[in-house]
Amino acid sequence: YRHRCVEAWSIAVPWSGIPMRALVDYARPLSGAKYVVMRTFEDKNVAPGQRQFWYPWPYLEGLTIEEATNELALIGTGAYGKPMPKQNGAPLRLVVPWKYGFKSIKSIVRFTFTDKRPKSFWEQIQGSEYGFWANVNPEVDHPRWSQASEKLLGTGTRVPT
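Those letters in the sequence shown? Residues 209 to 369, by our numbering.
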């Protein structure tokens, strides 16, 4: 899958994992559930950056149930043919190639289903730049740069989004 950063770079990553639809089907959320909220681990001894009290820890991210059951939505458990390394989001990572990378929460330890739209980590910090929907769209620029093109990591080549 292509991983597209909001900062206008991209990379193709051979993720492995399970379709997120399988997780939703297994969990059997109540009929009123409209969103799935994912929460990352929280351990200040392992992740010293979590000591930064001005950030809204734990890291939360959310999708609509429709997005979570999209055939491209994946719960990543590995990359490049190997188990997911910690720096890439072990044990579980969200992979949603139609969204900007900040939506791909890493190190997921909890899934919750709710009828209320969650306010994600980056939306809380800077909602005008990192909103809930975050769909890759070359016609909608980031407030500080164009999204019409992206730089392919490893090549330096700039291509249309």
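From the three backbone atoms N, C-alpha and C, an ideal C-beta is built for every residue, glycine too.
None of the values given here were measured: they were computed from a predicted structure.
In this structure leucine 280 is in contact with proline 305, their Cβ atoms being roughly 6 Å apart against a cut-off of 8 Å. DSSP places alanine 255 outside both helix and strand once states are collapsed to three, so it counts as coil.
Exclusion of the five residues before and after proline 227 leaves Glu279, Ala281, Leu282, Ile283 as the residues of its chain whose Cβ lies within less than 8 Å of its Cβ. Around the C-beta of tyrosine 267, 16 or more other C-beta atoms lie within 10 Å, and the residue is accordingly described as buried. Distances from the CA of glutamate 269 to each of Lys359, Pro256, Tyr308, Ser328 were compared; the closest alpha carbon is that of Ser328.
Fully enclosed beta strand (DSSP E) runs of no fewer than 3 residues occupy 282-287, 301-303, 316-322 of the region 273-349, in order along the chain. Here the alpha carbons of proline 368 and asparagine 345 stand approximately 11 Å from one another.
A buried status is given to glutamate 358, since no fewer than 16 other beta-carbon atoms sit within 10 Å of its beta-carbon.
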